[in-house]
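J.: Take a look at the following structure, please.
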Amino acid sequence: PFEQPSTTTIDVTLSDGAEHRAMDLDMSTLATYVVYFTAGFVLLPAGRDIVSHKTAILPGETDMRKAMTMTKPQVRTFMWGVWGLNHCMMSLLKIYAVYTSDNTLTK
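Numbering (our numbering) for the sequence shown: 592 to 698.
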């Protein structure tokens, strides 16, 4: 069977072409940073849903808001808050699971 290396060498050429260097990149470290970035990014719109669900911060949200907004203001505020809280908790659990190497949470 084919074995993949645990590190990958990336060659970097600077814009002037004069300097050439290599960087070892551990795939586990790269995956960790991807999880941190993506889960951290979700905290922006999810946190906004808790604080101010009417504010559109991502492209295309103004159109999607019409489809996902309830008619009664009390229900609307509650549901957007629950929606945002759910996404914040899921993102924080992902970050925690990777940070602590918790295999149960990463399944």
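By construction, the Cβ of each residue, glycine as well, lies at the ideal position given by its N, Cα and C atoms. Just so you know, these numbers come straight off a predicted model, no measurement behind them.
1. Assign A622 to one of two classes, buried (16 or more other C-beta atoms within 10 Å of its C-beta) or exposed (fewer than that).
2. In terms of alpha-carbon separation, which member of K698, V689, F669 and K685 lies closest to I641?
3. Please classify D617: does DSSP put it in a helix, a strand, or coil?
4. Looking at the secondary structure, which residues open and close the alpha helix (DSSP H) in which H644 lies?
5. Mapping DSSP to helix, strand and coil, what is V689?
6. Quick check: the Cα distance between S643 and G675, rounded to an integer number of angstroms?
7. Pull up the distance between the alpha-carbon of M655 and that of T620, whole angstroms please.
8. Please identify the residue among D617, M618, L635 and Y624 whose C-alpha is closest to the C-alpha of M680.
9. Specify the secondary structure class of T660 as computed by DSSP and reduced to three states.
10. Let's test the definition: count the other Cβ atoms within 10 Å of the Cβ of S682 and tell me whether it reaches 16, buried, or not, exposed.
T.: In brief:
1. exposed
2. F669
3. strand
4. Careful: H644 lies outside any alpha helix (DSSP H) and carries neither H nor E.
5. helix
6. 10 angstroms
7. 35 angstroms
8. L635
9. coil
10. buried
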